[in-house]
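Residue numbers (this note's numbering): 1 to 296. From the three backbone atoms N, C-alpha and C, an ideal C-beta is built for every residue, glycine too. Here the structure is a predicted model, which is why all the values come from computation and not from measurement.
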Amino acid sequence: MAKIAFIGLGHMGGGMAPNLAKAGHEVRAFDLVPEAVVRAKEGGCSTAASAADAVNNADVVITMLPAAQHVRGVYENDVAPNAKAGALLIDCSTIDVDSAREVGEKLKAQGFEFVDAPVSGGIAAAASGNLTLMVGGTDAEFEKAKPFLEPMAKAVIHAGQLGAGQAAKICNNMILGATMVATCEAFVLAQKLGLDPKVFFDISSKASGQSWSMTSYAPVPGVGPDTPADHDYEGGFAAALMLKDLKLAADAAGSVGAYTPMGAEAEELYQRFVDRGGGGKDFSGIIKMLDDSWKV
Ligand code: NAD
């Protein structure tokens, strides 16, 4: 069993790290938020006093951080100076392809192994070990990383070379942002047309309107599986992070000349939701902006 440092114990990392501990690994967990470290300890991890302390002597380092600036900072200041030579470094955060490549290439030049391995699935999948992970790296790096990712996953897929995991992830989340907006506006319209939301869910989740946003993450309370909508849109995947991902998709589309009008529309709507103070709410909370009269 390996010594694994896990840095970033938020909505996602807080569920992921204990699954590695349950698989028998020695997991040293760290987050800037002390309560998150306490929860990881309750989940069977041991705790570290700092990121540098966590990575000291670790065979594998896994990071689950908000955005590219956090990833750059943690790898430059904490991981590279303190991790042991040859350690396997795995970044599960969602960041832009260029940052993933730059960070990874720099670390590889310093003698580490590095893969980008962003995840898909919400907090429930993180907690239950049912994420889908998309991995960017060489064949050998993928094979080496895979056993450490499997305890957190229902699927671990080799997307291609360094950065390919992030490319897959931002394309996936562009679909997610657009389908969530479409699902929300359909619920608003259904209600105005006199349909009971639960009845509409029962129909659409079994009909051609179904998607993950409908079936697994319905944006209204009291229908389908338990989702952030059942908790006043607290927890889950912050709208600010969805906006970040849609901006990453727009930048990526611009860089290769791809036409992505639905992604652009979703970005504009999430920007408005965040500007109105919704950034900390789950991204499905955008239903409240689409119709202020929406009763939840
Ligand atoms: P989060 O904000 O809940 O968690 C991030 C954690 O990183 C926080 O606890 C924060 O304190 C910690 N952190 C930040 N800087 C740090 C540092 N220097 N050292 C140690 N800890 C530090 O975010 P999240 O929802 O867990 O998402 C994490 C990543 O996963 C993001 O890139 C997000 O886009 C992606 N993601 C999220 C979801 C979701 O449903 N929430 C799903 C798939 C992917």
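Taking 7 Å as the cut-off, the beta carbon of residue 290 is found closer than this to the beta carbon of residue 188. Going by beta carbons, residue 233 and residue 277 fall outside the 7 Å limit. Within the region 152-214, the runs of beta strand (DSSP E) that reach at least 3 residues and sit entirely inside it are, in chain order, 153-160.
In terms of Cβ geometry, residue 168 and residue 159 form a close pair [threshold 7 Å]. Non-local C-beta neighbours of residue 178 in its own chain, meaning closer than 6 Å and more than five positions away in sequence, comprise 262, 266, ordered along the chain.
If you check the CB distance, residue 51 and residue 9 do not come in under 7 Å. A distance below 7 Å separates the beta carbons of residue 61 and residue 5. Remark: the shortest separation between the CB of residue 29 and any heavy atom of the ligand NAD does not fall under 6 Å. Rounded to whole angstroms, the separation of the alpha carbons of residue 214 and residue 175 is 13 Å.
Within the same chain, Cβ atoms closer than 6 Å to the Cβ of residue 112 are found at 87, 89, the five residues on either side in sequence being excluded. Judged by DSSP secondary structure, residue 134 falls within the beta strand (DSSP E) whose first and last residues are 131-136. Beta-carbon to beta-carbon, residue 134 and residue 19 are separated by about 18 Å, too far to satisfy the 8 Å threshold. Excluding residues up to 5 positions away in sequence, 9, 14, 17, 18, 29, 47 lie with their Cβ nearer than 7 Å to the Cβ of residue 40 in the same chain.
In this structure, the straight-line span from the alpha carbon of residue 200 to that of residue 138 is close to 45 Å. Restricting attention to 255, 244, 258, the CA atom closest to the CA of residue 268 is found in 244.
Around the C-beta of residue 1, fewer than 16 other C-beta atoms lie within 10 Å, and the residue is accordingly described as exposed.
Judged by the Cβ position, residue 86 fails to qualify as a neighbour of the ligand NAD at the 6 Å threshold, every heavy atom of the ligand being at least this far. In this structure, the C-beta of residue 12 approaches the ligand NAD to less than 6 Å from one of its heavy atoms. When secondary structure is reduced to three states using DSSP, residue 3 falls in the strand class.
Rounded to the nearest whole angstrom, the CA to CA distance from residue 58 to residue 78 is 13 Å.
For residue 140, the closest alpha carbon among the candidates 27, 114, 84 is that of 114. Apart from the 5 residues on each side of it in sequence, residue 165 sits with its Cβ closer than 6 Å to the Cβ of 116, 117, 118, 134, 135, 136, 159 in its chain, given in chain order. Residue 192 and residue 203 have their alpha carbons spaced roughly 17 Å apart.
Taken from the Cβ of residue 36, at least one heavy atom of the ligand NAD lies inside 6 Å. Distance from the CA atom of residue 45 to the CA atom of residue 107, rounded to whole angstroms, is 26 Å. Look at residue 53 here: in three-state DSSP terms it is helix.
Using a cutoff of 6 Å, the CB of residue 237 counts as near the ligand NAD, since one of the ligand's heavy atoms is closer than that. Sequence-distant Cβ neighbours of residue 216 in its own chain, meaning closer than 7 Å and more than five residues away, are 225.
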